[in-house]
Each structure stands twice: as C-alpha cells, then as structure tokens.
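Number of protein chains: 2
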Amino acid sequence: MAQPEKRSITIREVADLAKVSIKTVSRVINREAGVSHETHARVMDAIARLDYRPNLNARGLAGDRSFLIGLFYDNPSAHYMSDVQAGAVARCREGGFHLLVEPWDSTDPNVGDQVLNLISQLRLEGVILTPPLVDHAGVLEALRASRIPLVRIAPDTDRETAPFVYMDDYAASRQMTAYLISLGHRRIGFLLGHPDHGATEQRYRGFRDELAEHRIPLDPDLVRHGHFSYRTGMACAEQLLTLADRPTAIFASNDDMAAASVAVAQRLGLSVPADLSVAGFDDTPVARIIWPQLTTIRQPISRMAAAAADLLIDRAVRRQPWTHPMPRRLLEFEVVVRESTAPPSSVAALGRARR
Amino acid sequence: MAQPEKRSITIREVADLAKVSIKTVSRVINREAGVSHETHARVMDAIARLDYRPNLNARGLAGDRSFLIGLFYDNPSAHYMSDVQAGAVARCREGGFHLLVEPWDSTDPNVGDQVLNLISQLRLEGVILTPPLVDHAGVLEALRASRIPLVRIAPDTDRETAPFVYMDDYAASRQMTAYLISLGHRRIGFLLGHPDHGATEQRYRGFRDELAEHRIPLDPDLVRHGHFSYRTGMACAEQLLTLADRPTAIFASNDDMAAASVAVAQRLGLSVPADLSVAGFDDTPVARIIWPQLTTIRQPISRMAAAAADLLIDRAVRRQPWTHPMPRRLLEFEVVVRESTAPPSSVAALGRARR
DNA sequence: CTGGCGGTTGATAGCGCTCACAGCTATAGG
DNA sequence: CCTATAGCTGTGAGCGCTATCAACCGCCAG
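Residue numbers (my numbering), protein chains in the order written: chain A, 184 to 538; chain B, 184 to 538.
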C-alpha cells in the first residue's frame, strides 16, 4: 500500500512563495531585527498560507540549540511534582520551549554519568532541579561540568553557585506558629520532617524562634522526628498525644504528617479542633480531603517552577551567561486557615465563662 | 573571560580514532548488522575513549526521527499522571527514547491545531494519550491527520482505529461487588463517576450485573451521580446515609468519593466498617492516608503506560506501521482489601450469636 | 562627485548525522 | 580462469536550518 509521501513544508518553499531568500525567512522566524515591515508581512503571510512549521531538529542542529528544558526530579510526591510540572510546562510553552521530564534515582552512584549522557545527547538548553535532588552533589557536579544552565528550586546547600527560586520556609513557619499562639496555644507539639530535606531545618527554626519571641519555653518532649510520611506522622502523634501533659496543638512539618495526627487524635477519642488543633505545611490535596480540613501553608510551587523556567528561557534567548550574583526569586507563601485549628478548650471555656 | 570553547566530539573523530569511515561508526551506533566483530569492538572502544555521545538533533535531522515520545494529558489527578509518567519514562529510557509531557486544555477549541503544531515541529515518534483526553475527538483527529503513531490508555470510544492498553473496569467492578456480597451486604449504595469518563459506565455495569447474578434487586435510590470529586462524593454519601433504610455498604467509583463517604459516615456518628463498609476504586494514596484505610481496586496504571510506550518504541524501531487488527494489551487489576470493609453489623451479630 | 554609513537582503558554507549506492575482498561455483 | 555471491566498508549527497559575510540601496557629508 503506497503511502502518499507526506513531505513537509520547508523554509525554502516559504522563501519562494514570499519571494525572498531563506535567510530572510529565518530572520522572521527568529524574530531578528532588520527586516522591513513589508517583507515581514509577506513572509508571515506565506508561512500562514503554507502552514509552515520549522523543523526543530534542523534549527537545533544548525544553531546548536534544542528548545528543550529538562525537569529533573526524584521527588516521590505526585502532587508536588505535578504542580512543578504544570508551572514549568506553561512557561515553556509561552517561550516556544518544551519540557522533558526525567526522574533520576539519587541513590544510584552512576546518576552523574547518566545525567551527563542525557545532556550531551539532547543538548538541553537548561535544567530545573527540584528537591531533594536539588542538593545532590553528584548531579550538581555533572551539571556544572557540562556547563548547562541550571535553576534550582528551593535549594538548601551551595546557594551561591547557581540561580534559584524559593519561598521563605522559615518565615512561613514563624507565621503559622504565631497564629497558633494567637489562638491561645502554649503547649505546641512539633513534627520534624526528613533530616535530608533542607526545609526541615528551616521550618523547625521558624517554630523555635517564634516561641522564643513570645517567651514560651520549648519543651523538648513536644518535638518529634518524623520523615514527612504518613506512617512516621502517626507514630509521632501517638507519642505526643499519649503524653501525660499532652499538647493542645500540633504543628506538623507537612500535610501528610498533619493528616496522620488528625487520624490518631480521632482514634484516641480526641476531637479536632476542640481538643486538639492541628496545622500542616504544603497545602497538598490531602489538606482538603480529610475532615476537618487542614489549616496549612500554601507553597507557591507552580509559580516557583514557572519562575525557574522563566530564568532559563530568558538566558537561552539572550544567549548570555548569568553574571554574579546569580539571580534568585523569592515567592510568597500563604497561611491557609481551615477547620483543624481553634482556640484550646481551656481558652474556649474561658471565653464561654466570660459571656 | 574567554570560555574554553567546549566543542563536543563528533562521529568523525570517533571514525578517525577507530580508523574506519563515519558510516561504520554510524552502523555501530544504530546497531545495524553487517559489521565485523573486530571492527565493532574497535569502534566501541573509540566511542568509550572519547566519551562520544551522538548528537540527537543531527540524527533526527538526517534520519527524520526525534527519539521523542509525547505524553498528552489533561487529567487533573496528580497521582494518576505521576504513575503514568513513571511507567512511560522508565520504558522510554530503556529504549533510548525520551518523554515529552504536554498537558492540553481539552476545552480549548483550538487544541487540535496546537497538537498539530507541536507534532510537526518536534517530529515526535509517537504519542501516548491518557483519559479523558484519550476520547477527545479534536485531538484524535489531529493525531490521525498527522499520521503519528498513537497508543491510547483505557479508551472508551472508537477502539478499532488505534492500538490501546487497558484494564477490565467491568470485571473489577463485578469482583468488588461480589466481595461485598460475600461479606453479607445486600443493600449496597453505588456512587457513579463523571458521565464523560468511559470508566463510569463500565464500573456501573459491573456492579449491576453482579447484583443481578446474585438475584439482588437494584434499588435506584441507592445509586447516585457524583463526578469523581471529593465534594460530589460527600453530597452523594449524605443523601445515601440519611435515607430511612440506609445501605450497609457503599461502593464508590473512585477513592476520592469513597474517602468522602467515610468522612460523612464518621460525621454522622457511624463507624466504618462496623456500621458501614466503604469500597473505592483506583488505589490512590488517599486510600492509605485516611482511617480506616480503604478497600479498593488497584489499577495497573504505570504498567499500562509502560506497555503503551513499549508499543510505540517497538513500532518506531521497526519503522513499520501497525497492521489490522491494531494491537491491544490487557493488564490485570487487583482487589486490595483493607480496613474499610467488613460484614454488616446484622451479620456480625449473627456471627457472635452463633458462637 | 565621491566616500561612507545605516538599513536591508541574499549567497553560500556548514551543523553532525543517515541513506543510497558503490566498491572492495574473499570464497564458492562453473 | 572467470564470474557470482556474500560480507563488509566507504563515498558523497543531502536532511532543513542558522551564521557569516558580502552586496545592494538610498542618502548625506565633504
């Protein structure tokens, strides 16, 4: 069965139709200056009439480009990655770029090599790195060796060497802590996240400093080490809630652990938020799925990713390396108050008594 | 600051070092037959010594290929997409391909055009389509017009025109229904999914047919229309559970609605599973995050995606169109029994009485 | 009238690879 | 001895685009 060979339109045909040289068409495609208004219009018309789409492979080969940006990750959170991806893809599309997603196994000792291989084959024009891969020494080194433009999302270490985008975990944590204190809580439990994750320390510091600011002593019994997972959250919450002098509120480093705390509380016959307030961090879908819905911090995940893509595209288009100091972008978080927090029952009782 | 210009190794340098022509190197790279063992070894050695990585742009331009497979979606479920992506990426990497993810807005009337544009620019070698985009007429038509190889995941309509991978929603639904019946449930509520989604009908049919098989009459009051969302799930569950003669079990078309049912039940003071059994569908992370954990159906999502990538890569490598009948792959689901289901209290009481 | 200059356009040489086809060598067959 | 065949390797022409640099057209200053 003979296929009607589907040769696609090339730049030459456009040039012929517009009665210009291919170079001029190329100029128009690449938005170069120095094309007269009239010629530009004629070329655009020809492009539209022929439904011409420039071949990216050819553009890439001739110009040593690829119009591809890589999103590298090893984050197990589907929600986080889907937000990142949405933000990055949207921005790429506006800029005429495409997103190539590549998961990496950060425990694989050869991951640096594999990264190098990918990059030199595909000629990626930039790479976005997400936590926790963003702090992986091997990957970072491979990326630097290949001199590929790189933007990091919420990095923890080595912040001077490459541009990054971030939010202020520390400030967010302080703000949430301040909110719990303003409700009247004094005994607040804190659930730490995974020790390898940079945000863990930031969030804890924010909590501690805000307590100190209010001259509330930090009870070490009320601080537990989880790993951001639901399972570890349950264990921590159980320890906290079976304490003789249990906390009136729990601030968990992420929503999964907060959700676990709610579940444990309910199983122990405690009502949330009447007997226990629970606050999370991240505003993942879980926060709205459980009942009561979680008070939490909304991270600007997709906006961070968009900003990262933005930096990369800008650099690729200008074709100029970044200069020191490396650009960075700070994006705003938001404290989202829902149903899982309320004044502690003692205060509430006081309130009722006063009436 | 003068950059030491980083020219990369080309096929010519490999050829020189191996003392062969570039064509022979090309043969080795492409695993073509007809290269003597000795020559092959010499070339491989040169490649390794120079750390040569073929330029994909050049390979693509010369051979009219791209080594790129597109994953097109408009599925709002992060978990679903992340599973799909994981399966597809893994398979692509094994085959030397790369995954380009492209979300589309299926409500945009121009989506067909945009798809066409992307494809002709990037020369994708194949596209994987996920639900519900998989049944979008405009996208499907654009894809067919561009004659690009296409594999659909769990399509509903038009199943003859392109290869697809799927699981048997109908059988899964019957099996879950049978399980509930085997526990002793007779009044079982059913929560329908989104009417546009092909699986909705399949799952409902499975439920109905299994009831019929056991000669259990279908009470129309016990069937409610949700839209796969937590919110609609709550509304439906509320209606069901405030019925005078409420069901002893609810089978929800997906986990979100099942989770909502659990939440509503608990708010109404019903204990799950003692007073109400709840079963879900999909085995999303939610199923394990809520308490009690959901009995549900595990979809082979990432294996479906891997199978889809597999078909595409195989076709790209063979460079032969598929022949009728189009290939299809059926993958196995799994009923995952957790804590949200148990015999109805009447039966349990009976059980206790019998002891 | 000449030279110079900004604005615009075109001719041509690759980019690094694959493909069609030609050429070479060694062995087998007539 | 010549030709046929098979196995392996090389030659040269592009793929569709961008980059370099030259050419051209006014127009103005000297």
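Beta carbons are placed, not taken as given, at the ideal position from N, Cα and C, and that holds for glycine.
So the candidates are the options; which of them puts its Cα closest to the Cα of residue i?
{"i": "residue 523/B", "options": "512/B, 464/B, 502/B", "result": "464/B"}
{"i": "residue 501/A", "options": "418/A, 283/A, 248/A, 270/A", "result": "248/A"}
{"i": "residue 306/A", "options": "236/B, 446/B, 420/B", "result": "236/B"}
{"i": "residue 412/B", "options": "260/B, 216/B, 356/B", "result": "260/B"}
{"i": "residue 527/A", "options": "367/A, 383/A, 335/A", "result": "367/A"}
{"i": "residue 520/B", "options": "497/B, 202/B, 479/B", "result": "479/B"}
{"i": "residue 285/A", "options": "274/B, 209/B, 363/B", "result": "274/B"}
{"i": "residue 542/A", "options": "414/A, 226/A, 419/A", "result": "This structure does not reach residue 542/A, given that chain A is present from 184 up to 538, and the question cannot be answered."}
{"i": "residue 407/B", "options": "392/B, 460/B, 389/B, 433/B", "result": "433/B"}
{"i": "residue 201/B", "options": "287/B, 226/B, 211/B", "result": "226/B"}
{"i": "residue 470/A", "options": "442/A, 490/A, 329/A", "result": "442/A"}
{"i": "residue 233/A", "options": "251/A, 194/A, 241/A, 507/A", "result": "194/A"}
{"i": "residue 335/B", "options": "506/B, 490/B, 518/B", "result": "490/B"}
{"i": "residue 326/A", "options": "238/A, 302/A, 341/A, 315/A", "result": "302/A"}
{"i": "residue 382/A", "options": "339/A, 422/A, 392/A", "result": "339/A"}
{"i": "residue 198/B", "options": "310/B, 506/B, 208/B", "result": "208/B"}
{"i": "residue 503/A", "options": "230/A, 379/A, 258/A, 330/A", "result": "330/A"}
{"i": "residue 254/A", "options": "283/A, 289/A, 242/A", "result": "283/A"}
{"i": "residue 518/A", "options": "354/A, 446/A, 425/A", "result": "354/A"}
{"i": "residue 467/B", "options": "458/B, 240/B, 481/B", "result": "481/B"}
Per DSSP, what kind of secondary structure is residue i in: helix, strand or coil?
{"i": "residue 200/B", "result": "helix"}
{"i": "residue 460/A", "result": "strand"}
{"i": "residue 465/A", "result": "strand"}
{"i": "residue 221/A", "result": "helix"}
{"i": "residue 509/B", "result": "coil"}
{"i": "residue 326/B", "result": "helix"}
{"i": "residue 254/A", "result": "strand"}
{"i": "residue 205/A", "result": "helix"}
{"i": "residue 235/A", "result": "coil"}
{"i": "residue 368/B", "result": "coil"}
{"i": "residue 336/B", "result": "strand"}
{"i": "residue 267/B", "result": "helix"}
{"i": "residue 308/B", "result": "coil"}
{"i": "residue 451/A", "result": "coil"}
{"i": "residue 514/A", "result": "strand"}
{"i": "residue 494/B", "result": "helix"}
{"i": "residue 480/A", "result": "strand"}
{"i": "residue 520/B", "result": "coil"}
{"i": "residue 281/A", "result": "strand"}
{"i": "residue 212/A", "result": "helix"}
Going by other Cβ atoms of all chains shown within 10 Å of its Cβ, with 16 needed for buried, is residue i buried or exposed?
{"i": "residue 385/B", "result": "buried"}
{"i": "residue 337/B", "result": "buried"}
{"i": "residue 444/B", "result": "buried"}
{"i": "residue 515/A", "result": "exposed"}
{"i": "residue 513/A", "result": "exposed"}
{"i": "residue 410/B", "result": "buried"}
{"i": "residue 308/B", "result": "buried"}
{"i": "residue 313/B", "result": "buried"}
{"i": "residue 365/B", "result": "exposed"}
{"i": "residue 332/B", "result": "buried"}
{"i": "residue 538/B", "result": "Any reading at residue 538/B must be qualified, since the residue scores a pLDDT of 49, below 50, and its modelled position is unreliable; the value itself is stated next. So residue 538/B counts as exposed."}
{"i": "residue 293/B", "result": "exposed"}
{"i": "residue 290/A", "result": "exposed"}
{"i": "residue 401/A", "result": "exposed"}
{"i": "residue 460/A", "result": "buried"}
Quiz item: Do the segment 438-458 of chain B and the segment 469-477 of chain A touch if we need at least three Cβ pairs shorter than 8 Å?
Solution: Here the segment 438-458 of chain B makes contact with the segment 469-477 of chain A; the two share three or more CB pairs at distances below 8 Å.
Self-check item: Entirely enclosed beta strand (DSSP E) segments - the segment 372-440 of chain A, minimum 3 residues
Solution: DSSP runs (the beta strand (DSSP E)) wholly in the segment 372-440 of chain A: 406-408, 432-435.
Self-check item: Three or more C-beta pairs below 8 Å linking the segment 492-508 of chain A and the segment 272-286 of chain A
Solution: Touching, per the Cβ criterion.
Quiz item: Is the number of C-beta pairs between the segment 210-220 of chain B and the segment 263-272 of chain B that are closer than 8 Å three or more?
Solution: No, because fewer than three Cβ pairs between the segment 210-220 of chain B and the segment 263-272 of chain B fall closer than 8 Å, the two stretches do not touch.
Quiz item: How about the segment 367-381 of chain B and the segment 435-444 of chain B: do they share at least three Cβ pairs that are nearer than 8 Å?
Solution: Counting C-beta pairs closer than 8 Å gives three or more between the segment 367-381 of chain B and the segment 435-444 of chain B, which meets the contact rule.
Quiz item: Counting pairs of beta carbons, one from the segment 306-326 of chain B and one from the segment 353-362 of chain B, are three or more of them closer than 8 Å?
Solution: Not touching, per the Cβ criterion.
Quiz item: With contact counted as at least three CB pairs below 8 Å, one residue from each stretch, are the segment 481-495 of chain A and the segment 337-349 of chain A in contact?
Solution: Result yes; three or more Cβ-Cβ pairs closer than 8 Å.
Quiz item: Are there three or more Cβ pairs, one per stretch, closer than 8 Å when the segment 395-403 of chain A is compared with the segment 482-491 of chain A?
Solution: Between the segment 395-403 of chain A and the segment 482-491 of chain A, the count of C-beta pairs closer than 8 Å stays below three; the two stretches do not touch.
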